[in-house]
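Here's the structure, in structure tokens; my notes come after.
Numbering (my numbering), first residue to last: 240 to 585.
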């Protein structure tokens with residue numbers, strides 16, 4: 240197949256391109272060139288802003304599919320879809336579970352999808368409008384290509400090597416430092432992460448099979464924080480123990496879910512849907528999950544060898560964590576070390 244990838248050099252797109260090439264497909268990259276210009280030297284590459292530069296695509300060239308990882312506002316999605324409608328067989332749009340009402344759980348493909356609030360900009364994405372704008376992007380693509388030629392993929396939290404957000408990377412890196420690790424005491428909370436390589440394989444499988452429609456992609460509902468921490472401990476040989484802290488104490492300490500303690504949202508916080516995503520349709524059409532230990536091990540390996548020394552963008556800094564652990568609030572928490580004894584880390 241010939242596949243055009245819009246983006247393709249940072250995270251998910253990078254893994255999609257690697258998967259396509261590994262399976263012998265022909266790839267064209269269209270991106271701005273601000274990242275990854277040294278990647279994939281043998282791949283046809285079109286440099287330019289996708290909002291204004293698609294006229295740089297080779298005249299008369301056609302593709303079996305387009306994979307769009309980088310549209311966030313509907314005008315950009317509409318421009319791309321209109322320009323490629325007659326030149327590509329199908330359009331694969333990477334959306335997000337954020338299109339749903341995240342207060343609802345579990346999330347499935349029929350869950351409510353709130354509209355953009357009146358007066359909100361359709362042209363500038365801010366965190367509050369990320370989901371509704373992605374939904375409008377989906378509609379633009381479907382309007383241009385039709386339901387039979389459109390696949391909309393709605394991932395949950397994507398994790399693994401080359402993640403620029405550090406929202407998962409924090410945990411294996413933190414466990415590799417060892418010692419006492421502050422965690423939420425919500426250890427049985429569902430944490431349906433999806434490894435970026437599993438998502439990339441699913442996308443390529445779906446293109447090859449001619450899949451269409453809307454599909455949620457996430458880890459299995461049985462995946463929990465406890466399993467995540469077990470996996471991070473297994474990825475490192477450094478002795479460590481967890482210090483679970485209850486939500487009220489975390490609030491007292493000023494420690495926030497998701498940003499300070501990544502990959503976790505508190506129950507009843509208005510984001511319960513992020514804790515419970517139904518991936519059954521994706522699994523039925525081919526989504527496969529590797530182990531969390533493999534994801535944690537490979538992410539730690541990447542972080543150590545390639546990520547660089549820049550501070551993590553998510554998680555507690557060592558100083559903030561040490562201050563919290565030393566405070567009277569954290570000392571009132573019950574320390575639990577089951578599954579995290581030093582002997583289990585060697």
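Just so you know, even glycine gets a beta-carbon here, dropped at the ideal spot from N, CA and C. Everything numeric in this text was worked out from a predicted model, so none of it was measured.
Boundaries of the beta strand (DSSP E) in which residue i is found, first to last residue
i: residue 546; result: Here residue 546 belongs to no beta strand (DSSP E), and DSSP marks it neither H nor E.
i: residue 302; result: 302 to 307
i: residue 480; result: 479 to 484
i: residue 327; result: 327 to 333
i: residue 494; result: Run containing residue 494: none; DSSP gives neither H nor E here.
Bridge partners - residue i, DSSP secondary structure assignment
i: residue 369; result: None, per the DSSP bridge assignment.
i: residue 528; result: None; residue 528 has no bridge partner.
i: residue 268; result: 244 and 284
i: residue 459; result: Bridge partners of residue 459: none, in fact.
i: residue 429; result: 463
i: residue 345; result: Its beta-bridge partners do not exist; DSSP assigns none.
i: residue 423; result: 484
i: residue 500; result: 496
i: residue 452; result: 390
i: residue 380; result: According to DSSP, which records beta bridges pairwise, residue 380 is partnered with nothing at all.
i: residue 398; result: 434
i: residue 516; result: 346
Beta-carbon spacing of residue i, residue j below 9 Å
i: residue 439; j: residue 258; result: yes
i: residue 287; j: residue 247; result: no
i: residue 404; j: residue 474; result: no
i: residue 415; j: residue 477; result: yes
i: residue 479; j: residue 420; result: yes
i: residue 377; j: residue 316; result: yes
i: residue 464; j: residue 422; result: yes
i: residue 443; j: residue 270; result: no
i: residue 250; j: residue 409; result: no
i: residue 454; j: residue 521; result: yes
i: residue 392; j: residue 459; result: no
i: residue 260; j: residue 283; result: no
i: residue 531; j: residue 469; result: yes
i: residue 346; j: residue 524; result: no
i: residue 321; j: residue 386; result: no
i: residue 293; j: residue 318; result: yes
Exposure label - residue i; buried when at least 16 CB within 10 Å
i: residue 548; result: exposed
i: residue 512; result: buried
i: residue 558; result: exposed
i: residue 367; result: exposed
i: residue 528; result: buried
i: residue 581; result: Annotation note: pLDDT 33 at residue 581 (below 50); position unreliable, no value reported.
i: residue 544; result: exposed
i: residue 398; result: buried
i: residue 310; result: buried
i: residue 331; result: buried
i: residue 490; result: exposed
i: residue 299; result: exposed
i: residue 509; result: exposed
Beta-carbon contacts of residue i that lie in its chain and below 8 Å, excluding the five residues immediately before and after
i: residue 514; result: 344, 428, 429, 430, 431, 504 and 506
i: residue 303; result: 240, 241, 242, 327, 328, 329 and 446
i: residue 313; result: 361, 372, 375, 376, 378 and 379
i: residue 255; result: 244, 247, 306, 308, 439, 442 and 443
i: residue 437; result: 526, 527, 528 and 529
Residue i: first and last residue of the uninterrupted alpha helix (DSSP H) it sits in
i: residue 258; result: 251 to 261
i: residue 469; result: 464 to 474
i: residue 392; result: Here residue 392 belongs to no alpha helix (DSSP H); instead the beta strand (DSSP E) covers 389 to 394.
i: residue 435; result: 435 to 448
i: residue 559; result: 557 to 565
i: residue 323; result: 313 to 323
i: residue 412; result: 409 to 416
i: residue 310; result: Note, residue 310: premise wrong, no alpha helix (DSSP H); not H, not E.
i: residue 290; result: Run containing residue 290: none; DSSP gives neither H nor E here.
i: residue 521; result: 519 to 523
Residues near residue i by beta carbon distance below 6 Å, same chain, minus five either side
i: residue 370; result: 337 and 338
i: residue 566; result: none
i: residue 340; result: 351 and 353
i: residue 301; result: 326
i: residue 551; result: 405 and 409
i: residue 500; result: 423
Neighbourhood of residue i by C-beta, 7 Å cutoff - its chain only, sequence neighbours within 5 removed
i: residue 498; result: 553
i: residue 575; result: Caution applies to residue 575, whose pLDDT of 46 falls short of 50 and renders its modelled position unreliable; the model cannot decide the point.
i: residue 466; result: 531
i: residue 290; result: 315 and 318
i: residue 381; result: 389
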